[in-house]
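Mapping of the sequence shown onto the numbering used here: residues 2 to 137, in sequence order.
Even for Gly, the Cβ is constructed at its ideal location relative to N, Cα and C.
The model shown is predicted, which means the values in this text are computed figures rather than measured ones.
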Amino acid sequence: MKQKFAQFMYGRYGMDELSKFLSYFSLLLLLISMLFGNAASVKSVVVLIAFALLIFSYFRIFSKNYEKRRAENAKYLNFKRPIADKLRLRREMWAQRKNFKFFKCPSCKAVLRVPKGKGKVRIVCKKCGTAFEKKT
Ligand SMILES: [Zn+2]
């Protein structure tokens, strides 16, 4: 059985980040669809989208067109990176909120970290050199 599966998967693209995302997202949609118990039409649309995504993810996994699948995955990763970076920054800010205050540089929008409880301080942006005063 295991060998048969390995034989079947031979030369096929397999799982990647995009397919992983598509399968998780479609499961999430299926869970969400359960919330629309009374709105049958909304529910069926959500279920349909979920299955379409699931089928697309399996189509990608079993695909033999490596080049196209890799390009899709690269596009997905490029799209995801800034969002993931922002989420990571939010998590770090939250974890350090007791000891640090965070400010956005008024000119380049970089996030700057300043120790808390130092009174009014002059902050110089590490990225662009803009200086501004803030209370910490
Ligand atoms: Zn700046």
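For the 8 Å CB-CB criterion, residue 124 and residue 111 do not form a contact. Here residue 14 is buried. Its C-beta has 16 or more other C-beta atoms within 10 Å. Around ligand 1, the residues whose beta-carbon falls short of 6 Å from at least one of its heavy atoms are 106, 108, 109, 111, 126, 128, 129, 131, given in chain order. Per DSSP, residue 132 is one residue of the beta strand (DSSP E) stretching across 132-136.
Around the beta carbon of residue 86, a 10 Å sphere encloses fewer than 16 other beta carbons of the protein chains shown; the residue is thus reported as exposed. Residue 126 and residue 108 have their C-alpha atoms spaced approximately 9 Å apart. In this structure, residue 57 lies near residue 23, with their beta-carbon atoms less than 8 Å apart. Annotation: the region 87-134 contains the following complete segments of the beta strand (DSSP E) (minimum length 3 residues), in chain order: 101-105, 112-116, 121-125.
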